[in-house]
Amino acid sequence: MAAFQTTAWRLISGVLGVICLLLMAALGILLKNSFNKQNVQPTLSPGPSTDPLEGSDCCSCQEKWIGYQCNCYFISNESKTWKDSRNFCISHNSSLLQVQNRNELDFMNSSAHFYWIGLSFSEEHNAWLWEDNSTLSQDLFLVNTENCVIYSPSRNSLDEDCGSRHLFICKQHLS
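The opening residue of the sequence shown carries number 1 in full-length UniProt numbering; numbering runs sequentially from there.
Below is the structure:
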């Protein structure tokens with residue numbers, strides 16, 4: 001009878017040992033994935049946080065895009081010309097940012113960087129036009145020369161040679 005009790009305890013301790021090893025392996029995998037996600041998120045862009053934003057519950061954005069007020073925004077961490085920035089946005093089913101109002105980018109208030117937006121001077125129309133050919137509302141920006149526009153969420157805008165390289169913001173409208 002004593003031999004049977006010893007064999008049963010060995011079997012129980014062996015099973016518990018295997019369960020313990022499996023739990024430790026699962027914990028290791030979960031921790032590794034958790035640290036990888038934390039390391040990736042802050043490098044998505046030099047500006048705002050990519051944490052879920054208030055008012056973003058009405059949209060589902062692709063990875064590396066920020067949902068805010070039912071739109072998705074991509075804030076680049078790579079400098080491109082205005083044309084290359086526009087082409088990048090188009091290739092991702094979006095457009096360079098068209099600012100609707102001064103509060104649109106409230107989630108980026110802490111950013112001091114300047115970004116290309118979808119505003120440029122049309123020689124054909126002799127006017128400032130957004131990418132969708134709508135005209136610029138004069139209360140949004142004051143621009144003087146015939147170039148493209150870089151924008152900082154701290155409410156500053158500058159006209160800049162379209163061939164210079166800057167960060168950019170894409171905006172995807174969700175229906």
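Beta carbons: idealized from backbone N, C-alpha and C, even for Gly.
- prompt: From Leu-167 to Glu-78, what does the alpha carbon distance come to, in whole angstroms?
  reply: 6 Å
Quick one: grab the DSSP three-state call for Gln-5. helix
Rounded to the nearest angstrom, what separates Tyr-73 and Leu-27 at their Cα positions? 34 Å
* Check each candidate in Trp-116, Glu-63, Asn-147 and name the one with the smallest Cα separation from Trp-128. => Asn-147
Using the Cα positions of Arg-151 and Phe-114, report the straight-line distance between them to the nearest angstrom.
What sits at residue 151 in the sequence shown is Tyr, not Arg. Going by the C-alpha atoms only, they are around 5 Å apart.
| request: Please go through the same chain and pick out, in chain order, the residues whose beta-carbon is closer than 7 Å to the beta-carbon of His-173, but skip the five residues on each side of it. | output: Asn-71
Could you work out which residue in Leu-16, Ile-19, Pro-153, Arg-10 is closest to Asn-101 when comparing CA atoms only?
-> Pro-153
- [ ] List the residues that DSSP assigns as beta-bridge partners of His-166.
- [x] Lys-80
What span of residues does the beta strand (DSSP E) with Glu-160 cover, start to end?
-> 156-160
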